[in-house]
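The numbering of the sequence shown is full-length UniProt numbering, which starts it at 1 and goes up by one. Everything below concerns the one structure shown next.
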Amino acid sequence: MATRVILQAPSLLLCSIGHSQLMKQGTAAQLRLFCFRFWSSDSGKNGCCLKENATVLANLTLMGVDIKMVRKRQPGVLRRMTTNEVGLTQFLKHKGAQPESIASIISRYPRAITRTHSHLEKRWELWRSIFLTDKEILKIIERSPESFFRSSDNENLEKNIHFLGSLGLTPKDLHRMLTTAPRTFSNSFELNRQMVELLQDICVSLGGEDPDSFVKKIITCNVYILIRSTKRVKMNVNFLQKALWLADEELLTLLQGHGGEILDLSHDYVKRSFQSLEKKLLSLGCTRKEVRHFVVSYMPLLYLSPETFANKINCLLEGGIHVKQILEKPRVLDFSRQTLESRIRELKRADYDFREFGINILDSSKKRFEAKLQKKGICFQFNDPFFNHVLPHSLQE
Numbered sequence: 001m002a003t004r005v006i007l008q009a010p011s012l013l014l015c016s017i018g019h020s021q022l023m024k025q026g027t028a029a030q031l032r033l034f035c036f037r038f039w040s041s042d043s044g045k046n047g048c049c050l051k052e053n054a055t056v057l058a059n060l061t062l063m064g065v066d067i068k069m070v071r072k073r074q075p076g077v078l079r080r081m082t083t084n085e086v087g088l089t090q091f092l093k094h095k096g097a098q099p100e101s102i103a104s105i106i107s108r109y110p111r112a113i114t115r116t117h118s119h120l121e122k123r124w125e126l127w128r129s130i131f132l133t134d135k136e137i138l139k140i141i142e143r144s145p146e147s148f149f150r151s152s153d154n155e156n157l158e159k160n161i162h163f164l165g166s167l168g169l170t171p172k173d174l175h176r177m178l179t180t181a182p183r184t185f186s187n188s189f190e191l192n193r194q195m196v197e198l199l200q201d202i203c204v205s206l207g208g209e210d211p212d213s214f215v216k217k218i219i220t221c222n223v224y225i226l227i228r229s230t231k232r233v234k235m236n237v238n239f240l241q242k243a244l245w246l247a248d249e250e251l252l253t254l255l256q257g258h259g260g261e262i263l264d265l266s267h268d269y270v271k272r273s274f275q276s277l278e279k280k281l282l283s284l285g286c287t288r289k290e291v292r293h294f295v296v297s298y299m300p301l302l303y304l305s306p307e308t309f310a311n312k313i314n315c316l317l318e319g320g321i322h323v324k325q326i327l328e329k330p331r332v333l334d335f336s337r338q339t340l341e342s343r344i345r346e347l348k349r350a351d352y353d354f355r356e357f358g359i360n361i362l363d364s365s366k367k368r369f370e371a372k373l374q375k376k377g378i379c380f381q382f383n384d385p386f387f388n389h390v391l392p393h394s395l396q397e
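Structure below.
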């Protein structure tokens, strides 16, 4: 009550002065009173002051936290009157975290020090319902502090865990999702429910008879789907059906396979990738039907940017490989250009004829590649650092 009276004092002061008296004081007096009132209200409402909290600064500095990074990322934390940096440190140490790791976590996500002990205990308990050890949880927090500390709503997290489990996702599936796409669990329960309902509707509209199974297949092959907008997914589905000339049944089958992997990509990116891919292959004498079959046979091709796709195609063509051979073996484009160049170069030294023997040999692990060469009686030296450089789809560019 006393605090409330103090915070309201500026307003009471203005009222007691009266309008005519205030006007006589001049503009400067008005501004001084206005500033006083604004500062007091802000302090009471948010539990902050305009100055940084000296105690918080001292504690964080002693812990080895990067204060410059804190000021850059979430400066408001340093002005809070109540924080829990000491309690957070003790909590994480008890779970096995090292001091350097704790300092790094707070530096990258300063808002972590605003979480109470009871909140931390409950959230950890919920994560442990998915992970087997504290070490696994710490590993994720050290990699992405935001994934654990971003949300203060433990009830929402609990709802998401139960909801996703009700879709038939196994503990192993949930483990993978929380490891790879932790934002899925800090999403509002309502957003996750909306995406699931959209996927179920898509399945039914395409003639599917088991929408729950369809949703499970999509989520397990694309763990990022739930952190994208329903609008994006809907636009991608519509574009794929139109661009690839697919009947409902064909699209349903595609989405439950490789097609589901690209639904989380930006719609503009998917559209641009397909159009540039189509343009490049048409310029090489391929028909539109061949282009569409090529894409349908291996949808992850759409991960490749226009520049990356063109560079890899040119590399293969320059190596003496016919475009028709590439159409029959799209997975060869999984390899980086450096790897393709290295393998083609060494095979040419051995007088390997791609037109005669095909390009299957390029689509092999290092071990299998060696075995195939030895089988053909080719002596080979693996000295190229790029020789077996296969990139994940999301990193191929």
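Heads up, the beta-carbon is just placed ideally off N, CA and C, and yes, glycines get one too. These figures come from a predicted structure and were not determined experimentally.
{"Asked": "Alpha carbon to alpha carbon, how far is I218 from I326?", "Found": "28 Å"}
{"Asked": "Tell me whether Y269 counts as near the ligand SAH, meaning its Cβ is closer than 6 Å to at least one heavy atom of that ligand.", "Found": "Of the ligands one can find in the structure shown there are none, so the ligand SAH has no counterpart to examine."}
{"Asked": "In terms of residues, what are the limits of the alpha helix (DSSP H) holding Q325?", "Found": "V323 to E328"}
{"Asked": "Is it true that the stretch 106-117 meets the stretch 132-140, where meeting means three or more beta-carbon pairs spaced less than 8 Å apart?", "Found": "no"}
{"Asked": "Whole angstroms are fine: how far does the CA of V323 sit from the CA of L284?", "Found": "7 Å"}
{"Asked": "Smallest Cα separation from T89: which of H117, R108 and R73?", "Found": "H117"}
{"Asked": "Buried or exposed: F274, going by 16 or more other Cβ atoms within 10 Å of its Cβ?", "Found": "buried"}
{"Asked": "For S188, does the count of other Cβ atoms within 10 angstroms reach 16, so buried, or fall short, so exposed?", "Found": "exposed"}
{"Asked": "For the alpha helix (DSSP H) holding G165, just list the boundary residues, first then last.", "Found": "N154 to S166"}
{"Asked": "Whole-angstrom Cβ separation of H258 and Y303, contact assumed at under 8 Å?", "Found": "H258 to Y303, Cβ: 11 Å. No contact."}
{"Asked": "Put F131 into one of helix, strand or coil per three-state DSSP.", "Found": "coil"}
{"Asked": "Taking 7 Å as the threshold (C-beta atoms), are P145 and R183 in contact?", "Found": "no"}
{"Asked": "Tell me the DSSP secondary structure of R80 in three-state form.", "Found": "strand"}
{"Asked": "Does the distance from the C-beta atom of L362 to that of V332 stay below 7 Å?", "Found": "yes"}
{"Asked": "Threshold first: 4 residues or longer. Then list the alpha helix (DSSP H) segments lying entirely within the stretch 220-276, N to C.", "Found": "230-243 and 248-255"}
{"Asked": "At which residue ranges does the stretch 283-362 contain complete alpha helix (DSSP H) runs of 4 or more residues, listed in the order of the chain?", "Found": "288-297, 306-318, 323-328, 337-349 and 354-357"}
{"Asked": "What's the call for L282, buried or exposed, on a 16-neighbour Cβ count within 10 Å?", "Found": "exposed"}
{"Asked": "Verify the CB distance criterion: does L92 have a CB-CB separation below 7 Å to chain C?", "Found": "No chain C appears in this structure, which consists of one protein chain only."}
{"Asked": "Taking the beta carbon of L240 as the centre, do at least 16 other beta carbons fall within 10 Å, making it buried, or is it exposed?", "Found": "buried"}
{"Asked": "Whether or not the stretch 169-185 and the stretch 201-208 are in contact is what I'm after, with contact meaning three or more pairs of Cβ atoms, one per stretch, closer than 8 Å; do they touch?", "Found": "no"}
{"Asked": "Relative to the C-alpha of E307, which residue among N238, K234 and Y269 is closest?", "Found": "Y269"}
{"Asked": "Indicate whether L132 and F91 have their beta-carbon atoms separated by less than 7 Å.", "Found": "no"}
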